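Numbering (our numbering), first residue to last: 1202 to 1486.
Take a look at the structure set out below.
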Ligand SMILES: [Fe+2]
Ligand SMILES: [Fe+2]
């Protein structure tokens, strides 16, 4: 049966409407016909308040998928699980690893999942689906699992480590994107894009037998990117003929400016409260 997929931004770094709040983080609510899920949970518990303001019903959410372990995507997990008690969790095992960002003085600051959330996930093991591989969340809606890193010009986008002394680089194997097929082509939701957005899109195309990519929404983590990387990323978007772009969260202003200049008709914001409606493909992805 044909139906729509509605994507609502519940948490993002920006907001343009009354009654909603923003924070550094990301969370999407996806309503696919009668079924719904969350992709990421923001940093605090703000998604609950914004969901209420947007009249998004979290109680019916059947799945909570995490793009990776960073706390701006996982910090709202506890309250999201309380609001959606029947939801199964989908995450890569490496999301639970300690994670640090390197300061200029080479000390590390913790940016991973807080221990209470990690402990709750370990305790709820029978409600958890580990997503090292591509995994279907609900009918026709998938996460990629681990994304092969094939493009030399892409990296994780920052100084990320597994230890507070900043000696072991974090490859962020946990980083994954969500995707589903529509009548217009694939829609891809990015968390932070630490695997590289081009690596991510090319992998999704391989997984789907070369379906066109219609839309890319979410964090592209280009805020530390070289101009070479940004130029190559824009070239890939052009080659892949992406029709709609909503670069958000950790994309970074210089990259945002260049993307909007390169694709003025195709870019839109992804602020809290943004809503997209896609006609679902009859057979799913
Ligand atoms: Fe992030
Ligand atoms: Fe991140």
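Beta carbons: idealized from backbone N, C-alpha and C, even for Gly.
On a predicted model such as this, the values are computed, not experimentally measured, just so you know.
Taking a cut-off of 8 Å for Cβ pairs, the stretch 1383-1400 and the stretch 1413-1425 touch, as three or more such pairs fall below it. Taking 7 Å as the cut-off, the C-beta of residue 1243 does not count as close to any heavy atom of ligand 1. By the neighbour-count criterion, in which a residue is buried when 16 or more other Cβ atoms sit within 10 angstroms of its Cβ, residue 1277 is buried. For residue 1237, the enclosing beta strand (DSSP E) stretches over residues 1236-1240. As DSSP reads the structure, residue 1468 sits in a beta bridge with 1446. One alpha carbon belongs to residue 1388, the other to residue 1478, and they sit about 11 Å apart.
Three or more beta-carbon pairs drawn from the stretch 1279-1288 and the stretch 1259-1267 are found closer than 8 Å, and the two stretches are therefore classed as touching. Assigned with DSSP and collapsed to three states, residue 1370 falls in strand.
The beta carbon of residue 1355 lies closer than 7 Å to those of 1397, 1399, 1400 and 1430 in the same chain, with the five residues before and after it left out. Scanning its chain for C-beta atoms nearer than 8 Å, with the 5 sequence neighbours on each side dropped, one finds around residue 1298 the residues 1270, 1313, 1363, 1371 and 1375, in chain order. Separation of residue 1322 and residue 1244 (C-alpha to C-alpha, rounded to the nearest whole angstrom) is 17 Å. Counting only runs of at least 4 residues, the stretch 1254-1333 fully encloses the following alpha helix (DSSP H) elements, listed from N- to C-terminal order: 1272-1275, 1278-1284 and 1316-1324. Relative to ligand 1, the nearest heavy atom lies less than 7 Å away from the CB of residue 1273. Take residue 1482, set aside five residues on each side of it, and the residues of its chain with a beta-carbon closer than 6 Å to its own are 1382, 1383 and 1384, in chain order. At least one heavy atom of ligand 2 lies closer than 7 Å to the C-beta of residue 1393. Taking the C-beta atoms as reference points, residue 1211 is found no nearer than 8 Å to residue 1225. Collapsing the DSSP output to three states places residue 1455 in a helix.
Counting the other Cβ atoms within 10 Å of the Cβ of residue 1213 gives 16 or more, which makes it buried. Counting only residues of its own chain and dropping the five nearest sequence neighbours on each side, residue 1445 has a CB closer than 6 Å to the CB of 1416 and 1467. In the DSSP assignment, residue 1336 is bridged to 1344. Distances taken from the Cβ of residue 1293 to the heavy atoms of ligand 1 include none shorter than 7 Å. Under the criterion of beta carbons closer than 8 Å, residue 1404 and residue 1345 qualify as touching, at roughly 6 Å. In the structure shown, residue 1406 falls within a helical segment according to DSSP collapsed to helix, strand and coil. Annotation for residue 1436: the continuous alpha helix (DSSP H) segment containing it runs 1428-1440.
A residue is called buried once 16 or more other Cβ atoms fall within 10 Å of its Cβ, and residue 1222, having fewer, is exposed. Within the stretch 1203-1237, the beta strand (DSSP E) runs of at least 3 residues that lie entirely inside it are, in chain order, 1205-1212 and 1228-1233. Not a single heavy atom of ligand 1 lies less than 7 Å from the C-beta of residue 1303.
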